[in-house]
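If you're matching them up, the sequences are chains A and B in order.
Reminder that position 115 of the first sequence reads as 115 in UniProt numbering, one-by-one numbering, no gaps.
Reminder that position 83 of the second sequence reads as 83 in UniProt numbering, one-by-one numbering, no gaps.
The next block holds one structure in the form of structure tokens; read it before the comments.
There are 2 protein chains.
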Amino acid sequence: MKEESIEFIKSGGVTAPRGYLASGISCGIKPGKKSDLALVVSQQLADIAGVFTQNKVKAAPVIVSMQRVKKGKARAVVINSGNANACTGSRGIEDAEQMTTVTASFLGCSPDEVCVCSTGRIGVYLPMKKIIRGIEKACKQLNVEGGKDAAEAIMTTDTVPKQAALKVKIEDKEIIIGGMAKGAGMIAPNLATTLGIITTDASLSPEYLNSVLHSCVQETFNRISIDGETSTNDTILVFSNGLAKNTTIGMDSPHKGIFKNALRLVLDRLAREVLEDGEGVTKVVEILVQGAASEKEAELVARSIGNSLLVKCSWNGEDPNWGRILCAIGYSGANVDQNKIDLFYNGFQVVASGVRTETKESLIKKTVKMPMFSLLVDLHIGSGQYRFFTTDISERYVRINKGE
Amino acid sequence: MKEESIEFIKSGGVTAPRGYLASGISCGIKPGKKSDLALVVSQQLADIAGVFTQNKVKAAPVIVSMQRVKKGKARAVVINSGNANACTGSRGIEDAEQMTTVTASFLGCSPDEVCVCSTGRIGVYLPMKKIIRGIEKACKQLNVEGGKDAAEAIMTTDTVPKQAALKVKIEDKEIIIGGMAKGAGMIAPNLATTLGIITTDASLSPEYLNSVLHSCVQETFNRISIDGETSTNDTILVFSNGLAKNTTIGMDSPHKGIFKNALRLVLDRLAREVLEDGEGVTKVVEILVQGAASEKEAELVARSIGNSLLVKCSWNGEDPNWGRILCAIGYSGANVDQNKIDLFYNGFQVVASGVRTETKESLIKKTVKMPMFSLLVDLHIGSGQYRFFTTDISERYVRINKGE
Numbered sequence: 001m002k003e004e005s006i007e008f009i010k011s012g013g014v015t016a017p018r019g020y021l022a023s024g025i026s027c028g029i030k031p032g033k034k035s036d037l038a039l040v041v042s043q044q045l046a047d048i049a050g051v052f053t054q055n056k057v058k059a060a061p062v063i064v065s066m067q068r069v070k071k072g073k074a075r076a077v078v079i080n081s082g083n084a085n086a087c088t089g090s091r092g093i094e095d096a097e098q099m100t101t102v103t104a105s106f107l108g109c110s111p112d113e114v115c116v117c118s119t120g121r122i123g124v125y126l127p128m129k130k131i132i133r134g135i136e137k138a139c140k141q142l143n144v145e146g147g148k149d150a151a152e153a154i155m156t157t158d159t160v161p162k163q164a165a166l167k168v169k170i171e172d173k174e175i176i177i178g179g180m181a182k183g184a185g186m187i188a189p190n191l192a193t194t195l196g197i198i199t200t201d202a203s204l205s206p207e208y209l210n211s212v213l214h215s216c217v218q219e220t221f222n223r224i225s226i227d228g229e230t231s232t233n234d235t236i237l238v239f240s241n242g243l244a245k246n247t248t249i250g251m252d253s254p255h256k257g258i259f260k261n262a263l264r265l266v267l268d269r270l271a272r273e274v275l276e277d278g279e280g281v282t283k284v285v286e287i288l289v290q291g292a293a294s295e296k297e298a299e300l301v302a303r304s305i306g307n308s309l310l311v312k313c314s315w316n317g318e319d320p321n322w323g324r325i326l327c328a329i330g331y332s333g334a335n336v337d338q339n340k341i342d343l344f345y346n347g348f349q350v351v352a353s354g355v356r357t358e359t360k361e362s363l364i365k366k367t368v369k370m371p372m373f374s375l376l377v378d379l380h381i382g383s384g385q386y387r388f389f390t391t392d393i394s395e396r397y398v399r400i401n402k403g404e
Numbered sequence: 001m002k003e004e005s006i007e008f009i010k011s012g013g014v015t016a017p018r019g020y021l022a023s024g025i026s027c028g029i030k031p032g033k034k035s036d037l038a039l040v041v042s043q044q045l046a047d048i049a050g051v052f053t054q055n056k057v058k059a060a061p062v063i064v065s066m067q068r069v070k071k072g073k074a075r076a077v078v079i080n081s082g083n084a085n086a087c088t089g090s091r092g093i094e095d096a097e098q099m100t101t102v103t104a105s106f107l108g109c110s111p112d113e114v115c116v117c118s119t120g121r122i123g124v125y126l127p128m129k130k131i132i133r134g135i136e137k138a139c140k141q142l143n144v145e146g147g148k149d150a151a152e153a154i155m156t157t158d159t160v161p162k163q164a165a166l167k168v169k170i171e172d173k174e175i176i177i178g179g180m181a182k183g184a185g186m187i188a189p190n191l192a193t194t195l196g197i198i199t200t201d202a203s204l205s206p207e208y209l210n211s212v213l214h215s216c217v218q219e220t221f222n223r224i225s226i227d228g229e230t231s232t233n234d235t236i237l238v239f240s241n242g243l244a245k246n247t248t249i250g251m252d253s254p255h256k257g258i259f260k261n262a263l264r265l266v267l268d269r270l271a272r273e274v275l276e277d278g279e280g281v282t283k284v285v286e287i288l289v290q291g292a293a294s295e296k297e298a299e300l301v302a303r304s305i306g307n308s309l310l311v312k313c314s315w316n317g318e319d320p321n322w323g324r325i326l327c328a329i330g331y332s333g334a335n336v337d338q339n340k341i342d343l344f345y346n347g348f349q350v351v352a353s354g355v356r357t358e359t360k361e362s363l364i365k366k367t368v369k370m371p372m373f374s375l376l377v378d379l380h381i382g383s384g385q386y387r388f389f390t391t392d393i394s395e396r397y398v399r400i401n402k403g404e
């Protein structure tokens, strides 16, 4: 029998695993903000994998980090908030590279071993003097309990820092996974950038590290939406430095299942925190679509509902507006037969075969008043299913995003 | 030389052309509303064509009218507001058919010659007793100046009735085209249904009538968006009764160009009125995308910008947030090179080759303060272009759509 267990570590973050240091300091990019520059460092060279925005307009730090991640080895990531370094042309690329060069010189490693992320205002050049002084300061303050400082420094309009960590016991070894994220906070003209930095002391084969990150992101961060938009700067990185001294987990390891579960749990917790802390969000809604012609079609339907402005407005008004949901299903592009659609709110059936049921309106209204509820759609066409998380949209969202 | 001219008719609507009667009355579907049932009748059997919602969840009146339009001949359309008769199963179909039967019996024609439209609340059965009494009343009040009453009766949260009419002179004949529409008004749990009824006394071949309606709708109503959602009830119908006694315009007629221009002008005016009267709308924005790999790709980019919640919020805040626009271009799915993108607000270049220009911020801010402005995007990849109209989004939109 495999000896395996998972246990969350209270208030742990990127410095929870062995061999990681972090810091978060203010270099003055964003006046009035407590801190705006974060550094996460592995004390020894780590394997690295990354997932980047699919947006064809990519910020300079994304372009630079994509190249670094391809090499598969890294020591650190340097992150600033308050400026996205996006749409800044060749000067932006030079600035992002300089951030890695300066960090590398203080750490005594190659610039190739340093990744970089930015989040904040688009189209403005980075204040490099401030940033260079900031990197020096951040390097001096690196420490084994710096995870929370780093998580605070990457916040934009997030109201709370987002961290998670857990221990995985595999045979006689204890592996730790830690992580931090920033969410869908936007202030004009910023963007809804998602950043996630994951650290682990597990020993993993590079191939497995890359594969497990992609599949876990697919099942967590890629299934949440506040406004349906992907940013120029979205980045999720994972470092693994092997200090747990476990037998290396590869594509054929008997323990790859538990490691994947653990990594997914960390990413899932961070993704939920991002969603709950979305601008003006009052409700988190789980959408499960089943009975679609394929998983792809189920996804189309789930995203169509989850990104419908009219549906999100009605949830904000605590109105279980099933008509708008059927409408969003109808224009999703998926194959649907309106006379077969069933719809349930938290298990209460609202629509049967495309027509309103006798379920009491008051029962359904009560459900939609909850801060979290689920919506189940059954298309009764095939066996494709998809799960997706979304939120309501409020007047406050519009107010925040109107501009300065 | 062809003798051709076009002239708008002030405050004309569906009864402007020869041989059309209309009325708008209250039958009490929606308490407190001045009127909620409209009737438009051609005194003699007319040719008819229609364009219907692409939504796979179609309201009962859409299903019934689609069948009627296929036969190509009609005498009338009966329309109610306050109830969409959507998601009402087989009883909904029976009710829609009964509306046409009752109308036909008063007009002395076949039910097959009557179309039906509904707009309003989804998932509630029609109050048929009220509607039958209403149809009788509407038939009694039919008159040659009833266009405006009809335009008022189909309103939902529209603040003004929407009508247009014009005269086309072709050789020695005068053709008149009239029309009415209702717009993107929504009150929970209603939907953003677009209805348009066009009448003309032109003599047109059935093939040409169908073809010209589809291409004009493609260039007008299909190029506007407030929230990017298509409803279960969208319908545009055109009647032509031939009373202008012009030489029939067919697919090869020398005058088909001027007729198309005229019809497009009527639809364009109605579509603009719908847009300007959208819920909470403070700005109408024209988006022109050029230099795309194809027209289809240009459309992807235009719709991605025009439906971006973040872009629309920033316009509402009078913030010319070009970073969000580049971001929406990047996730549009179209082939783009971020280093080639140019962007102009009302002719002022804001972005050149993906990077901010030196154009004064104050100049651009002034542009975005206007109630109507244009955005030009040049991708510099190919020769595909597309024109699209959209609006900002306001806190009032969310408030209106929160529910009851």
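For each residue, glycine too, the CB sits at the ideal point set by N, CA and C.
All of these numbers come straight from a predicted model, not from anything done at the bench.
8 Å Cβ cutoff, residue i in contact with chain B
i: residue 331 of chain A; result: yes
i: residue 232 of chain A; result: yes
i: residue 224 of chain A; result: no
i: residue 286 of chain A; result: no
i: residue 81 of chain A; result: no
i: residue 118 of chain A; result: no
i: residue 390 of chain A; result: no
i: residue 143 of chain A; result: no
i: residue 283 of chain A; result: no
i: residue 290 of chain A; result: no
i: residue 310 of chain A; result: yes
i: residue 394 of chain A; result: yes
i: residue 39 of chain A; result: no
Proximal residues to residue i (C-beta, below 6 Å), its chain only, five neighbours per side dropped
i: residue 273 of chain A; result: 162
i: residue 409 of chain B; result: Since the first residue shown for chain B is 1 and the last is 404, residue 409 of chain B is missing from the structure and cannot be characterised.
i: residue 376 of chain A; result: 288 and 344
i: residue 398 of chain B; result: none
i: residue 304 of chain B; result: 328 and 332
i: residue 137 of chain B; result: 25
i: residue 380 of chain B; result: 291 and 340
Under 8 Å between C-beta atoms of residue i and residue j
i: residue 289 of chain A; j: residue 322 of chain A; result: no
i: residue 14 of chain B; j: residue 128 of chain B; result: no
i: residue 238 of chain A; j: residue 200 of chain A; result: yes
i: residue 246 of chain A; j: residue 175 of chain A; result: yes
i: residue 84 of chain B; j: residue 119 of chain B; result: yes
i: residue 402 of chain B; j: residue 313 of chain A; result: yes
i: residue 69 of chain A; j: residue 48 of chain A; result: yes
Own chain residues within Cβ distance below 7 Å of residue i, not counting five before or after
i: residue 143 of chain B; result: 21 and 23
i: residue 261 of chain A; result: 6
i: residue 270 of chain B; result: 162, 164, 179, 181 and 196
i: residue 339 of chain B; result: 353 and 354
Any C-beta of chain A under 8 Å from that of residue i
i: residue 86 of chain B; result: yes
i: residue 319 of chain B; result: yes
i: residue 43 of chain B; result: no
i: residue 297 of chain B; result: no
i: residue 218 of chain B; result: no
Residues that residue i bridges to, as DSSP identifies them
i: residue 251 of chain A; result: Residue 251 of chain A pairs with nothing; no bridge assigned.
i: residue 351 of chain A; result: A/343 and A/356
i: residue 378 of chain A; result: A/290 and A/342
i: residue 37 of chain B; result: B/25 and B/80
i: residue 115 of chain B; result: B/77
i: residue 4 of chain A; result: A/170
i: residue 204 of chain A; result: A/249
Spatially closest choice to residue i from the options, by CA coordinates
i: residue 242 of chain B; options: B/37, B/43 and B/220; result: B/43
i: residue 210 of chain B; options: B/26, B/18, B/285 and B/250; result: B/250
Beta-carbon contacts of residue i that lie in its chain and below 8 Å, excluding the five residues immediately before and after
i: residue 55 of chain A; result: 230, 231, 232 and 234
i: residue 407 of chain B; result: Only positions 1 to 404 of chain B appear in this structure, which leaves residue 407 of chain B out of reach.
i: residue 296 of chain A; result: 384
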